[in-house]
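K.L.:
Residue numbers (our numbering), protein chains in the order written: chain A, 5 to 125; chain B, 5 to 125.
Protein chains: 2
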Amino acid sequence: MGADVGDPRSDRTTLRRIAGVIALADGRAEEYLRLHREVWPEVLAALSRANITNYSIYRHDGVLFSYLEHRGDDYEADMASLAEDPATQRWWEVMTPMQRTLRATPDDPWWTELEEVFHLD
Amino acid sequence: MGADVGDPRSDRTTLRRIAGVIALADGRAEEYLRLHREVWPEVLAALSRANITNYSIYRHDGVLFSYLEHRGDDYEADMASLAEDPATQRWWEVMTPMQRTLRATPDDPWWTELEEVFHLD
Numbered sequence: 005m006g007a008d009v010g011d012p013r014s015d016r017t018t019l020r021r022i023a024g025v026i027a028l029a030d031g032r033a034e035e036y037l038r039l040h041r042e043v044w045p046e047v048l049a050a051l052s053r054a055n056i057t058n059y060s061i062y063r064h065d066g067v068l069f070s071y072l073e074h075r076g077d078d079y080e081a082d083m084a085s086l087a088e089d090p091a092t093q094r095w096w097e098v099m100t101p102m103q104r105t106l107r108a109t110p111d112d113p114w115w116t117e118l119e120e121v122f123h124l125d
Numbered sequence: 005m006g007a008d009v010g011d012p013r014s015d016r017t018t019l020r021r022i023a024g025v026i027a028l029a030d031g032r033a034e035e036y037l038r039l040h041r042e043v044w045p046e047v048l049a050a051l052s053r054a055n056i057t058n059y060s061i062y063r064h065d066g067v068l069f070s071y072l073e074h075r076g077d078d079y080e081a082d083m084a085s086l087a088e089d090p091a092t093q094r095w096w097e098v099m100t101p102m103q104r105t106l107r108a109t110p111d112d113p114w115w116t117e118l119e120e121v122f123h124l125d
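Now the structure itself:
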């Protein structure tokens with residue numbers, strides 16, 4: 005695309021919906037839920053800076069399901085920035101032992117990304 | 005679109021996010037996915053009339069996860085109207101044998117509603 009008059013990024017902004025699943029580690033549900041009622045403000049700010057919006061996490065017994073929307077022009081770059089954020093790194097250190105990944109291979113991400121089978125706007 | 009002076013409902017419109025889980029019946033995944041790539045237009049129209057928006061269904065192996073938003077002033081009334089829609093009733097008749105409910109008691113709904121444990125706008 006050619007150069008745009010206003011914000012050069014605005015015309016490349018896209019919406020991406022991402023859903024994932026992970027298990028709760030045995031005996032850690034209560035602590036996980038408590039921490040998620042008051043997520044550290046720095047962590048929330050980093051998510052917003054990474055253009056993540058409408059982010060919900062749901063629980064069904066020992067399984068967590070996440071749904072979020074990314075509105076930006078470079079999802080991979082935003083995720084890389086998030087992974088370098090110090091508060092986010094500390095948060096993930098606290099979260100890691102509370103979760104049990106369901107990935108099929110060692111190369112899969114920590115949260116398993118789900119296949120969208122239907123969408124209605 | 006914007007709040008209309010004459011519309012008494014507009015100021016009571018609220019957003020409700022609903023997530024649910026259900027299992028796929030053994031051997032029915034392929035058919036379920038195929039039908040969801042081309043959901044009947046009458047079914048989509050009925051969902052929209054019931055003020056359901058941003059509705060996605062995701063799959064993880066044999067489990068389906070749904071996320072949807074209801075924007076209206078009477079969720080229960082909209083769900084009751086939806087349940088009376090003939091096309092929706094026919095669709096549900098087709099879907100029912102493809103799904104296996106995970107409800108804990110006979111009084112629970114067909115899709116098990118999930119507990120929200122985190123949300124960031």
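Glycine included, C-beta positions come from ideal geometry on N, C-alpha and C.
1. At a CB distance below 8 Å, what residues from the stretch 53-65 of chain A approach chain B? Give them in sequence order.
2. Do F69/A and Y79/A have their C-beta atoms within less than 8 Å of each other?
3. Shortest alpha-carbon distance to Y71/A belongs to which of L118/A, L39/A, F122/A, L106/A?
4. Which same chain residues end up closer than 8 Å to A29/A when comparing Cβ atoms and leaving out the 5 residues on each side of it in sequence?
5. Taking just the CA atoms, how far does N58/B sit from T17/A?
6. Check R16/A in the structure and name its three-state DSSP category.
7. Consult DSSP for L118/B and reduce its assignment to one of helix, strand or coil.
8. Where do the N-terminal and C-terminal ends of the beta strand (DSSP E) with T57/A fall, by residue?
9. Tell me the rounded alpha-carbon separation between D158/B and I26/B.
10. Please decide whether L28/B counts as near chain A, where near means a Cβ-Cβ distance under 8 Å.
11. What three-state label does DSSP hand R21/B in the structure shown?
12. Going by the DSSP bridge assignment, what does E73/B pair with across the sheet?
13. Who are the neighbours of R21/B on chain A, taking C-beta pairs under 8 Å?
14. Thinking C-beta only, is A91/B closer than 8 Å to E46/B?
15. State the CB to CB distance for the pair L39/B and R75/B, rounded to an integer number of angstroms; the pair is presumed to be in contact (CB under 8 Å).
16. Where do the ends of the alpha helix (DSSP H) carrying W95/A lie?
17. Grouping DSSP H, G and I as helix and E and B as strand, with all else coil, what is V67/A?
18. By the three-class DSSP mapping on this structure, what secondary structure does A50/A have?
19. By the three-class DSSP mapping on this structure, what secondary structure does A126/A have?
20. At the level of alpha carbons, what is the spacing between L86/A and Q93/B?
21. Under 8 Å, Cβ to Cβ, is there at least one residue of chain A near D112/B?
22. Tell me whether L39/B sits in a helix, a strand or coil according to DSSP, three-state version.
23. Quick one, which residues of the stretch 92-123 of chain B are near chain A if we go by CB-CB under 7 Å, in chain order?
P.N.:
Based on what the coordinates show:
1. I56, T57, N58, Y59, S60, I61, Y62, R63, H64
2. no
3. L118/A
4. P101, M102, Q103, R104
5. 18 Å
6. helix
7. coil
8. 56-64
9. This structure does not reach residue 158/B, given that chain B is present from 5 up to 125, and the question cannot be answered.
10. no
11. strand
12. R21/B, T57/B
13. S60
14. yes
15. Their Cβ separation, rounded to whole angstroms, is 26 Å, which puts L39/B and R75/B out of contact at 8 Å.
16. 90-99
17. strand
18. helix
19. What the structure shows of chain A is the stretch from 5 to 125, and residue 126/A is not part of that stretch, so it cannot be assessed.
20. 45 Å
21. no
22. helix
23. T116, L118, E119, E120, V121, F122, H123
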